[in-house]
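>
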Amino acid sequence: MANECVKGFKDYTGEEARIREEIRKILVKNFELFGFEPAEAPIIENEEFVRGDNSNDEAVSDIFRLKDKGERNLALRYELTFQLKRLMQNKKLPYKRYQIGPVFRDEPTTGNRFRQFTQCDIDIIGSSIKDDAEILAITSKILEELGIKAVINVNSRRLMNEILESEGIKEKDRIEVIKEVDKLDKLSEKEVKDNLKKYKAEKLIDIFKKSEKYFEKYASYSDVQQLKEACSNYGIKTNFLPTLARGLSYYNANVFEVKTLEMKESVCGGGSYMFNGAQSTGISFGLERLSQLAKLKNKNSQTLIISLGQDKESIKLAEELRENNLSCVVMYNKVSKALEYANAYLIDKVIFIGEDEIKKKKLKLRDMKTGKEEMLSQTELIKKLSK
RNA sequence: GCGAUUGUAGUUUAACGGUAGAAUGCGAGACUGUGGCUCUUGAGACGAGGGUUCGACUCCCUCCUUUCGCUCCA
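The following block contains the structure:
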């Protein structure tokens, strides 16, 4: 059928859409609380800008490309961070911004991977390791608010490089070696070891198996050490995972990842990187995955007003409710239809306005869950609904 | 992209080499001030294109889609 969604793309309606909106609100609230300011940037950029210098990024090979009538080579953004190179221009540092928007990747899809998905990013341009900790503190606060139980894994790219260097792994093999090591949680130790033999790197496996204490002998372990100390000021816990690499190649120091038991894909990913000579740090939340995992109730706080031939009064009441920040819908058709509407859309407060109510100057409020009805004055009603 | 898998109304599904039945949801009504029960009624489907066949939703091929691996990522 021609009206089907394209592979990897999705519609969101009803409960699902409401939950996504709810999560967005929670994210924005927390981003603002930590002093980040909003920013928006186009979905389409010049292909050259999108590709950047991360040519060995796998994600880069998955970009959607297009051309305009002027034959410009354009692309859909596949992440948000690179746009900061432009946004940060002329900004007083540290520049703290949040950005929420769709990104696109022309790659295979699975249950939790789409070709359009929404990233929610916070970044601090001009940062230190203390800012890494702040980023993780926000992350942990948000996860808690959403009722998501997760582990924050951290590692340092510099540490990983130092280890590879000290083991004499050739520069050109490092990316491949890191990829193999990263598979340790999936493949058996032996398989990874066999794969590593190609690069004469099989010794690595014994190193990465060691406890955290062992890594203290590397100078770059201080990245992790400092991060841990900074995190303890916020009272949050992180898990040192020496094999953690993260894909995007611009990361140059600490990297982070948020994992849950329910989902094999990570919920958030981030790290520190250098843009225009400024050390920076940030993290990205995947909205689709958050809404998959979040324990939020689908609340519809609307009120339905049924007009029984009293349209003028009903509209007046509706406006009154809206003045008081109460969301409401007015219906003028048959009572049974109106109640069915309330049912279908999970509205549990219904107000009747008919001759009787006008005469008594009281309104009838029905609770759809319990079936209880009561007559209330308008002020009592507003008080009750505001709760 | 490769390998496997899937495809019947919005959703869940039934049957058959002779063009499809149900449940639920949706619309209208029974019921002109009371829903989630009941009854009547309406709209709604064989993913697309080829081929085999007198005839294909059913068999074959291609593409698309679904799900799962690999690769990689939010």
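In the numbering used here, the protein residues as written are 53 to 439.
Quick reminder that beta carbons are idealized off the backbone N, C-alpha and C, glycines included.
1) Between ALA305 and SER208, how many whole angstroms is the CB-CB distance? I'm expecting something under 8 angstroms.
2) Should ILE335 go down as buried or exposed, given a rule of 16 or more other Cβ atoms within 10 Å for buried?
3) Is it buried or exposed, GLY323, if we count other Cβ atoms within 10 angstroms and call 16 or more buried?
4) Note down, in chain order, each residue of its chain lying with its Cβ closer than 7 angstroms to the Cβ of MET53, except the 5 sequence neighbours on either side.
5) Closer than 7 angstroms by C-beta to ILE215: which residues in its own chain qualify, once you throw out the five before and the five after it? Chain order, please.
6) Is GLY66 helix, strand or coil when you go by DSSP?
7) So within the segment 182-225, which uninterrupted alpha helix (DSSP H) runs reach at least 4 residues, ignoring any that extend past its ends?
8) Quick check: the Cα distance between TYR251 and ILE230, rounded to an integer number of angstroms?
9) Measure the C-alpha to C-alpha separation of LYS265 and TYR286 and round it to an integer number of angstroms.
10) Please classify ASN395 as buried or exposed, where buried requires at least 16 neighbouring CB atoms within 10 angstroms.
11) With a 10 Å radius around its C-beta and 16 neighbouring C-beta atoms as the bar for buried, classify ILE458 as buried or exposed.
12) Do the segment 298-317 and the segment 180-200 make contact, defined as three or more Cβ pairs closer than 8 angstroms?
13) Is the distance from the Cβ of ILE257 to the Cβ of VAL276 below 8 angstroms?
14) For a quick check, are the C-beta atoms of ILE399 and GLN354 less than 8 angstroms apart?
15) What residues match up with ASN125 in a beta bridge as DSSP calls it?
16) Going by other Cβ atoms of all chains shown within 10 Å of its Cβ, with 16 needed for buried, is ILE410 buried or exposed?
17) To which residues of the same chain is ILE434 closer than 8 angstroms at the C-beta, ignoring the five residues directly before and after it?
18) Output yes or no for whether 8 angstroms exceeds the beta carbon distance between ARG157 and ALA91.
19) Can you tell me the Cβ-Cβ gap for LEU85 and ILE152, rounded? I've got them flagged as a contact below 8 angstroms.
20) Determine which residues share a DSSP beta bridge with LYS148 and list them.
21) Would the beta-carbon of LEU293 fall within 8 angstroms of that of ILE71?
22) Alpha carbons only, please: which of LYS424, GLN168, ASP225 is nearest the one belonging to ALA253?
23) Hey, quick one: how far does the beta strand (DSSP E) through ALA305 stretch, first residue to last?
24) Mark ILE403 as exposed unless 16 or more other C-beta atoms lie within 10 angstroms of its C-beta, in which case mark it buried.
25) Going by CA-CA distance only, name the one from ARG103, VAL319, GLY406 that's closest to ILE194.
26) From ILE357 to ALA185, what does the alpha carbon distance come to, in whole angstroms?
27) Could you give the C-beta distance for TYR147 and ILE177, rounded to a whole number, given that I count them as a contact under 8 angstroms?
28) Below 8 angstroms on the Cβ atoms is my contact criterion, and I expect GLY60 with GLN168 to pass it. Report the Cβ-Cβ distance as a whole number of Å.
29) Quick check: what's the CA-CA separation for SER192 versus PHE88?
30) Could you say which of SER263, SER284, THR295 lies nearest to ASP183 if we only look at CA atoms?
31) What residue ranges within the segment 78-109 form continuous alpha helix (DSSP H) runs of no fewer than 4 residues, ordered along the chain?
32) Could you check how far apart the C-beta atoms of TYR302 and TYR325 are, in whole angstroms? I think they sit under 8 angstroms.
33) Restricting to Cα atoms, I'd like to know which of SER218, LYS261, GLU223 is closest to ASP234.
34) Cα separation between ALA370 and ILE95?
35) Which same chain residues end up closer than 7 angstroms to GLU365 when comparing Cβ atoms and leaving out the 5 residues on each side of it in sequence?
36) On the premise that LEU428 lies in contact with LYS412, defined as a C-beta separation below 8 angstroms, what is that separation, rounded to the nearest angstrom?
To lay it out plainly:
1) The residue you call residue 305 lines up with position 253 of the first sequence. The residue you call residue 208 lines up with position 156 of the first sequence. Right, the Cβ-Cβ distance comes to about 6 angstroms (below 8 angstroms), so this counts as a contact.
2) Walking along the first sequence from the start, residue 335 turns up at place 283. It is buried - the Cβ of ILE335 has at least 16 other Cβ atoms within 10 Å.
3) Numbered from its first residue, the first sequence carries residue 323 at position 271. Counting the other CB atoms within 10 Å of its CB gives GLY323 a total of 16 or more, which places it among the buried residues.
4) The residue you call residue 53 lines up with position 1 of the first sequence. Because MET53 carries a pLDDT of 49, less than 50, the predicted location of this residue cannot be relied on, and the following value inherits that uncertainty. Within the same chain, MET53 has no close Cβ partners at all.
5) Numbered from 1 along the first sequence, position 163 holds the residue referred to as residue 215. Result list for ILE215: ILE259, TYR270, in chain order.
6) As a working note, residue 66 is residue 14 in the first sequence. The answer is helix: DSSP assigns GLY66 an H, G or I state.
7) For the segment 182-225, whole alpha helix (DSSP H) runs of length 4 or above, ordered along the chain, are 209-218.
8) Numbered from its first residue, the first sequence carries residue 251 at position 199. Numbered from its first residue, the first sequence carries residue 230 at position 178. Cα to Cα, the separation comes out at about 11 angstroms.
9) By 1-based counting over the first sequence, the position of residue 265 is 213. By 1-based counting over the first sequence, the position of residue 286 is 234. The alpha-carbon separation between LYS265 and TYR286 amounts to approximately 23 angstroms.
10) Translated into the one-based positions of the first sequence, residue 395 becomes position 343. Here ASN395 is exposed, its C-beta having fewer than 16 other C-beta atoms within 10 Å.
11) Past the edges of the chain, shown from 53 to 439, lies residue 458, and the structure says nothing about it.
12) At 8 angstroms Cβ cutoff, the stretches touch.
13) The residue labelled residue 257 in the question sits at position 205 within the first sequence. The residue labelled residue 276 in the question sits at position 224 within the first sequence. Taking 8 angstroms as the Cβ cut-off, ILE257 and VAL276 do not qualify as a contacting pair.
14) Indexing the first sequence from 1 puts residue 399 at position 347. Indexing the first sequence from 1 puts residue 354 at position 302. Contact: yes.
15) Taking the first sequence and counting its residues from 1, the one referred to as residue 125 is at position 73. DSSP lists LYS119 as partners of ASN125.
16) Taking the first residue of the first sequence as 1, we reach residue 410 at position 358. The residue is exposed, with fewer than 16 neighbouring Cβ atoms inside 10 Å.
17) Taking the first residue of the first sequence as 1, we reach residue 434 at position 382. Around ILE434, the same chain offers GLU372, LEU373, ASN376, LEU378 as residues with beta carbons nearer than 8 angstroms, after the five sequence neighbours per side are excluded.
18) The residue labelled residue 157 in the question sits at position 105 within the first sequence. The residue labelled residue 91 in the question sits at position 39 within the first sequence. Not in contact: ARG157 and ALA91 (Cβ atoms no closer than 8 angstroms).
19) The residue you call residue 85 lines up with position 33 of the first sequence. The residue you call residue 152 lines up with position 100 of the first sequence. The C-beta separation of LEU85 from ILE152 comes to about 16 angstroms, leaving the pair out of contact by the 8 angstroms criterion.
20) Numbered from its first residue, the first sequence carries residue 148 at position 96. According to DSSP, which records beta bridges pairwise, LYS148 is partnered with ILE176.
21) Locating residue 293 in the first sequence gives position 241, counting from the first residue. Locating residue 71 in the first sequence gives position 19, counting from the first residue. Not a contact, by the Cβ cut-off of 8 angstroms.
22) Here the question's residue 253 lines up with position 201 in the first sequence. For the residues LYS424, GLN168, ASP225, the minimum Cα distance to ALA253 belongs to ASP225.
23) One-based indexing of the first sequence puts residue 305 at position 253. Per DSSP, ALA305 belongs to the beta strand (DSSP E) from 303-311.
24) Taking the first sequence and counting its residues from 1, one reaches residue 403 at position 351. It is buried - the Cβ of ILE403 has at least 16 other Cβ atoms within 10 Å.
25) For this step, residue 194 is matched to residue 142 along the first sequence. Selected option, being the one with the closest Cα: VAL319.
26) For the purposes of this step, residue 357 is taken as the residue at position 305 of the first sequence. For the purposes of this step, residue 185 is taken as the residue at position 133 of the first sequence. Those two C-alpha atoms are separated by around 49 angstroms.
27) Sequence index remark: in the first sequence, residue 147 carries index 95 (1-based). Sequence index remark: in the first sequence, residue 177 carries index 125 (1-based). The Cβ separation is near 4 angstroms, so the contact holds.
28) Numbered from 1 along the first sequence, position 8 holds the residue referred to as residue 60. Numbered from 1 along the first sequence, position 116 holds the residue referred to as residue 168. For GLY60 against GLN168, the beta-carbon gap comes to about 7 angstroms, under 8 angstroms, which counts as contact.
29) As a first step, residue 192 must be located in the first sequence, where it is residue number 140. As a first step, residue 88 must be located in the first sequence, where it is residue number 36. Distance between the alpha carbons of SER192 and PHE88: 16 angstroms.
30) In the first sequence, residue 183 corresponds to position 131, counting from 1. Checking every option, the nearest Cα to that of ASP183 belongs to SER284.
31) Runs of the alpha helix (DSSP H) inside the segment 78-109: 99-103.
32) Taking the first residue of the first sequence as position 1, residue 302 is located at position 250. Taking the first residue of the first sequence as position 1, residue 325 is located at position 273. TYR302 to TYR325, Cβ: 4 angstroms. Contact.
33) The sequence position of residue 234 within the first sequence is 182, counting from 1. If we check each option's Cα against that of ASP234, LYS261 comes out closest.
34) On the first sequence, residue 370 is found 318 positions in, with the first residue counted as 1. On the first sequence, residue 95 is found 43 positions in, with the first residue counted as 1. Their Cα atoms are separated by approximately 39 angstroms.
35) Here residue 365 refers to the residue found at position 313 of the first sequence. Around GLU365: ILE405, ILE410.
36) By one-based count along the first sequence, residue 412 stands at place 360. By one-based count along the first sequence, residue 428 stands at place 376. With 8 angstroms as the limit, LYS412 and LEU428 do not qualify as a contact, their Cβ atoms being about 11 angstroms apart.
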